[in-house]
Amino acid sequence: MLNLASFDEKAKDADFVITGEGAFDTQSLHGKAVSGILSRTDLKKVIILCGINRLENSSLVIYETSKRGLSFSEIQKRAKDSYSTAFEKAIREVILK
82 MLNLASFDEK AKDADFVITG EGAFDTQSLH GKAVSGILSR TDLKKVIILC GINRLENSSL
142 VIYETSKRGL SFSEIQKRAK DSYSTAFEKA IREVILK
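Letter by letter, the sequence shown follows residues 82 to 178 of our numbering.
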């Protein structure tokens, strides 16, 4: 998929690569698109937005968009605002620092 999208060419001069997952966990690191992105880029340049982060003690830059304990329907209702908030936080803390 990354080859079809010409990812390497598009990302080579990028300051940052922003990607996402619903739930970021060990499976995300093995075979999903995000694993390919991580293997092809400088990890310090990758920002991951996810619904929930299930990795502990990760050195990756990960921002969760959902509060734990919410029902799926509540997460869906808040999705747009939650992703906007997480994205803005990533911009402030990583890109503009």
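Idealized CB from N, CA, C, for every residue including glycine.
Residue i to residue j span [Cα, whole Å]
{"i": "K148", "j": "D162", "result": "12 Å"}
{"i": "D94", "j": "K126", "result": "11 Å"}
{"i": "D89", "j": "L83", "result": "8 Å"}
{"i": "I133", "j": "G103", "result": "7 Å"}
{"i": "I176", "j": "Q157", "result": "27 Å"}
Alpha helix (DSSP H) segment containing residue i, residue limits
{"i": "T166", "result": "153-171"}
{"i": "I118", "result": "114-121"}
{"i": "E90", "result": "88-92"}
Option nearest residue i by Cα separation, candidates the options
{"i": "F105", "options": "A171, F97, I129", "result": "I129"}
{"i": "N138", "options": "D96, A86, T107, V98", "result": "T107"}
Should the segment 152-162 be called in touch with the segment 136-144, which here means at least 3 C-beta pairs below 8 Å?
-> no
Would the segment 159-174 and the segment 115-122 be scored as touching if the rule is three or more Cβ pairs under 8 Å?
-> no
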